[in-house]
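A.B. asks: Heads up: the sequence lines are chains Y and V, in that order. Using the working numbering, the first residue of the first sequence is number 1, and each one after it goes up by one. Using the working numbering, the first residue of the second sequence is number 1, and each one after it goes up by one.
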Amino acid sequence: MTDLARSGSRASDPADRPKIVRLHPFGLDGARTGPISLATALLLLAAWFLVTHYRLVPPLFLPTPQEVATQFLAVLEDGYAGATLWEHVSASLFRIFSAAVIAASLGIPLGLAMGLNRWAKGVFDTPIEFYWPLPPLAYLPLMIIWLGIGEVSKIVLLTLAMFAPVCLSAQAGVRSLPIERVNAALSLGASRWQLFRTIVLPSALPEILTGLRIGIGVGWSTLVAAELIAATRGIGFMIMSASHFLATDVVFVGIGIIAVFAFAFSYGMRLLEAWLVPWKGKS
Amino acid sequence: MLQVRNASVFFSARDGRVVHALDRASLDIDANSIVVALGASGCGKSTLLNAIAGFLPLSEGSITLDGQPVASPGADRGVVFQKDTLLPWSSVADNVALGLRFAGIPARERRERAEELLGLVGLEGFADAFPHELSGGMRQRVGIARALATDPKILLMDEPFGALDSLTREQMQELLIDVWARTGKRIFFITHSIEEALFLGTNVVVMSPRPGRIVARFDLDFVRRFAAERDVRAILSAPEFADLYDEIRSLVHRPHAEADVRRMVLQ
Ligand SMILES: Nc1ncnc2c1ncn2[C@@H]1O[C@H](COP(=O)(O)OP(=O)(O)OP(=O)(O)O)[C@@H](O)[C@H]1O
Ligand SMILES: [Mg+2]
Chain Y
1 MTDLARSGSR ASDPADRPKI VRLHPFGLDG ARTGPISLAT ALLLLAAWFL
51 VTHYRLVPPL FLPTPQEVAT QFLAVLEDGY AGATLWEHVS ASLFRIFSAA
101 VIAASLGIPL GLAMGLNRWA KGVFDTPIEF YWPLPPLAYL PLMIIWLGIG
151 EVSKIVLLTL AMFAPVCLSA QAGVRSLPIE RVNAALSLGA SRWQLFRTIV
201 LPSALPEILT GLRIGIGVGW STLVAAELIA ATRGIGFMIM SASHFLATDV
251 VFVGIGIIAV FAFAFSYGMR LLEAWLVPWK GKS
Chain V
1 MLQVRNASVF FSARDGRVVH ALDRASLDID ANSIVVALGA SGCGKSTLLN
51 AIAGFLPLSE GSITLDGQPV ASPGADRGVV FQKDTLLPWS SVADNVALGL
101 RFAGIPARER RERAEELLGL VGLEGFADAF PHELSGGMRQ RVGIARALAT
151 DPKILLMDEP FGALDSLTRE QMQELLIDVW ARTGKRIFFI THSIEEALFL
201 GTNVVVMSPR PGRIVARFDL DFVRRFAAER DVRAILSAPE FADLYDEIRS
251 LVHRPHAEAD VRRMVLQ
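(1) With 16 other CB atoms within 10 Å as the buried threshold, where does Y/Val51 fall?
(2) Who's in the neighbourhood of ligand 1, going by beta-carbon under 5 Å from any heavy atom, listed in chain order?
(3) Would you call the stretch 271-278 of chain Y and the stretch 244-260 of chain Y touching, i.e. three or more CB-CB distances under 8 Å?
(4) Let me check you understand the geometry: is the CB of V/Asp84 closer than 7 Å to at least one non-hydrogen atom of ligand 2?
(5) Whole angstroms are fine: how far does the CA of V/Asn50 sit from the CA of Y/Ser187?
(6) How about Y/Asp125: is its Cβ closer than 7 Å to a heavy atom in ligand 2?
(7) Assuming contact is defined by CB atoms lying nearer than 8 Å, are V/Gly54 and V/Val70 in contact in what I supplied?
(8) Counting only Cβ-Cβ distances shorter than 9 Å, please list the residues of the stretch 52-76 of chain V near chain Y, keeping chain order.
(9) Taking all protein chains shown into account, decide if Y/Pro165 is buried (16 or more other Cβ within 10 angstroms of its Cβ) or exposed.
(10) Name the chain V residues that come within less than 7 Å of Y/Leu186, Cβ to Cβ?
(11) Got a sec: is the Cβ-Cβ distance from V/Val9 to anything in chain Y below 8 Å?
(12) So, is V/Ala242 buried or exposed, given that buried needs 16 or more other C-beta atoms within 10 angstroms?
(13) From the DSSP output, in three-state form, read off V/His253 for me.
(14) Is the beta carbon of V/Val96 sitting closer than 8 Å to the one on V/Val142?
(15) In the stretch 195-256 of chain V, which residue ranges form an unbroken alpha helix (DSSP H) of at least 4 residues, counting only runs that do not cross its ends?
(16) Verify the contact flag: V/Glu159, CB atom, against every heavy atom of ligand 4, threshold strictly below 7 Å.
(17) Hey, could you find the ends of the alpha helix (DSSP H) V/Glu133 is sitting in?
(18) Sorted by chain position, which residues of the same chain lie with C-beta nearer than 7 Å to V/Gln267's C-beta, five sequence neighbours on each side aside?
(19) Give the DSSP-derived three-state secondary structure of V/Asn95 in the structure shown.
(20) Run through DSSP, which three-state label would V/Asn32 get?
(21) Does the Cβ of V/Ile248 have 16 or more other Cβ atoms within 10 Å, making it buried, or fewer, making it exposed?
(22) Just list the alpha helix (DSSP H) runs in the stretch 30-64 of chain V, keeping only unbroken ones of 4 residues or longer that don't cross its boundaries, in chain order.
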C-alpha cells in the first residue's frame with residue numbers, strides 16, 4: 001500500500017511535470033500532417049527536377065523547374081499579354097471573391113430555408129437538382145449570349161458553380177440537427193426565431209463551412225473556363241493564352257499561382273473552422 | 001395541478017400497422033409530489049412524457065396544466081432528457097441560462113442565476129467549462145439546472161439517470177430529492193428501476209406494454225422520510241420497502257397484467 005502510494009507520488013514533484021494525455025482521436029482530428037505534406041511536396045519537386053534533368057520528357061511538354069522559375073520572374077517583372085502579374089492575379093481574385101460572397105449570401109439562407117420549409121424545398125429543389133450536375137462549360141455559351149462578354153457573365157458563371165455546394169450543405173446541416181436539441185430548446189421557451197438563431201444556425205454551421213470550402217474549390221476549377229470568355233486579364237486567361245503559343249513554362253507559372261492561392265484559401269478556411277466551430281466532433 | 005385524462009396515443013409503424021402506444025392513461029400530479037412512471041421497455045412511458053411536454057399530440061384524451069390545455073412545448077414544463085442535449089458550443093453557464101436567454105433576461109442576471117443553480121446541483125466552479133469537458137453525471141446535472149432555470153411549474157424527467165453508474169446514480173437521486181425538498185417542484189419521473197421508483201416517488205404508477213396502460217398505482221412516503229431523516233440505509237432496509245419491491249416486481253414481470261388499478265396507502 002505504502003509502496004503504491006510512493007510510486008504514485010511522482011506527479012507531485014514540481015520539477016517532474018506529469019505526462020499530459022488526451023483521448024485518442026478518431027481519424028485525423030488535429031494530427032500534424034504539415035511535415036509529411038512538406039516532404040511530399042519536396043519529393044514531387046525532386047522528381048520533376050530529375051525527369052527534366054535527364055530529358056525523360058521533351059521540354060515542350062514539361063519545362064524544367066529552373067525555366068519555370070525564370071519565367072515567373074520575367075512575368076513578375078514585365079507582365080504578360082499586356083498586363084502586370086498583379087493585374088492578372090487581382091482580376092481573378094476579384095471574380096472569385098465576388099462570386100463567393102454572392103453564392104454564400106444566397107446559398108446559405110436559401111439552403112437553410114429549404115431544410116426548414118416545405119415551400120422553399122418544393123420550389124427550389126427541381127431547378128437546383130437540374131442545373132448543378134451540369135458542367136459549367138456546358139452553359140458557358142448561354143452566359144455569353146445572355147449576359148455578354150463583360151465581368152457579369154464571368155461572375156455569374158462562377159457564382160452558379162459555387163452556389164450548389166453551399167446550398168446543399170446548408171440543407172444537410174439542417175437535416176443533421178437532432179430532434180432532442182430542438183425539443184430541449186422549445187421546452188425552454190424558445191420562439192421560432194430564437195430556435196433558428198441559437199440552435200439551427202450553430203448546428204448547421206460546420207456543414208455550411210465545409211460547403212463553402214468545397215464551393216471555393218469548385219470556383220478555382222471553374223476560373224479558367226470563366227476567363228475563356230473574351231478576358232484580357234486573369235490567371236485563367238494567362239494560362240489559356242500561353243497555351244496557344246505552346247508556352248508551357250507560362251502555363252506552369254499560372255498553375256503554380258492558382259495552386260498557391262487555392263492552398264492559402266483552404267488553409268484560411270481551416271483556421272476559420274477552428275475558430276467558429278471548435279466543438280466539431282466533440283458533442 | 002397537472003391532469004392527464006384518458007390519454008391515448010396511436011402510432012403508425014413502418015409496415016403500416018397501428019401501434020397502440022398509450023391506452024387511456026389518467027394521472028394527476030399535485031403540488032409537491034414526485035410521480036414516477038415505472039414499466040418494462042416499450043410500455044409507453046416516454047410517449048406519455050412527450051405528450052405532457054407537448055412534443056406529441058394525443059390521439060384521444062386531454063392534458064391540462066393548472067386548467068390550461070397543453071398543446072405545445074413551453075417553459076412552464078422543464079424537461080430533462082435521457083440523452084444529454086446540451087449545446088456543445090456554449091459554456092456550462094450559458095447552457096444553464098439558455099431558457100433565461102430565450103426569456104430576454106440580461107446577461108448579468110443570467111450569469112448570477114446560472115451560478116446559483118450550478119451551486120444547487122453541486123457544480124460550483126464549472127460555469128466556464130464546456131460540456132465535452134464534463135462527465136456523464138455532471139452533464140446530467142447541468143441538464144437539471146438548465147430545466148430549473150426558467151422556474152417551470154413541473155419537471156419532466158425521462159430516465160435521466162439511466163446511463164449513469166450506480167454510485168453516481170445514488171448521488172443524483174439524493175441530489176434530486178434535495179432540489180425537490182428545497183424548491184417544492186412537481187416532478188414526473190420515468191425509470192426502469194423499481195428501487196429508484198420506490199425511493200423517489202411520492203406516487204408510483206406501474207405501466208404495462210401493448211397497449212401501454214397504467215396497471216397499478218402506489219402512494220409512498222419513502223422520499224419524504226428520506227428528505228426528513230436523510231438515512232438511505234434505514235429506508236432501503238425497511239420491510240415495507242422489500243415487500244413493495246417484490247409486489248411491483250411481480251407486476252412488472254407479469255407479461256400482460258390485467259388492468260387491476262388499485263391504490264395502496266402506507267401509514
Ligand atoms: N415515433 C414512433 N413511431 C412508431 N412507434 C413508436 C414511436 N415512438 C414509440 N413507438 C412505439 O410505442 C411504444 C411505446 O414507446 P415508448 O418510447 O413510449 O416506450 P418506453 O416505455 O419509453 O420504453 P423505454 O423504457 O424503452 O424507453 C413502443 O412499442 C414503440 O415501438
Ligand atoms: Mg423511453
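Cβ coordinates follow ideal geometry from the N, Cα and C atoms, glycine included.
C.D. replies: According to the structure data:
(1) With fewer than 16 other CB atoms across the displayed protein chains lying within 10 angstroms of its CB, Y/Val51 is exposed.
(2) Chain-ordered, the residues whose CB falls short of 5 Å from any heavy atom of ligand 1 come out as V/Phe11, V/Val19, V/Ala21, V/Ser41, V/Gly42, V/Cys43, V/Gly44, V/Lys45, V/Ser46, V/Thr47.
(3) The way I'd put it, the stretch 271-278 of chain Y doesn't touch the stretch 244-260 of chain Y; fewer than three beta-carbon pairs between them come closer than 8 Å.
(4) For V/Asp84, the distance from the CB to the nearest heavy atom of ligand 2 is not below 7 Å.
(5) In this structure, the alpha-carbon of Y/Ser187 lies about 11 Å from that of V/Asn50.
(6) Within 7 Å of the C-beta of Y/Asp125 there is not a single heavy atom belonging to ligand 2.
(7) Against a cut-off of 8 Å, the Cβ pair of V/Val70 and V/Gly54 comes out as a contact.
(8) When C-beta distances to chain Y are compared with 9 Å, the residues of the stretch 52-76 of chain V below that value are Ala53, Gly54, Phe55, Ser72, Pro73, Gly74, Ala75, Asp76, in chain order.
(9) A buried status is given to Y/Pro165, since no fewer than 16 other beta-carbon atoms sit within 10 Å of its beta-carbon.
(10) The contacting residues are Pro73.
(11) With 8 Å as the cut-off, V/Val9 does not count as an interface residue toward chain Y.
(12) Counting Cβ neighbours within 10 Å, V/Ala242 comes out exposed, since fewer than 16 surround it.
(13) Judged by DSSP in its simplified three-state form, V/His253 adopts helix.
(14) Annotated as proximal: V/Val96 and V/Val142, with beta-carbon spacing under 8 Å.
(15) Segments of the alpha helix (DSSP H) lying fully in the stretch 195-256 of chain V: 222-229, 232-236, 239-253.
(16) Inclusion of ligand 4 in the displayed structure is not the case, the ligand content consisting of ligand 1 and ligand 2 alone.
(17) Run containing V/Glu133: none; DSSP gives neither H nor E here.
(18) With a pLDDT of 36 at V/Gln267, under the threshold of 50, the modelled position of this residue cannot be trusted; read the value that follows with caution. Asp221.
(19) V/Asn95: helix per DSSP, three-state reduction.
(20) DSSP places V/Asn32 in coil when its eight states are reduced to three.
(21) Looking at its Cβ environment, which holds 16 or more other Cβ atoms inside 10 Å, V/Ile248 is buried.
(22) Taken in chain order, the complete alpha helix (DSSP H) segments of 4 residues or longer contained in the stretch 30-64 of chain V are 45-53.
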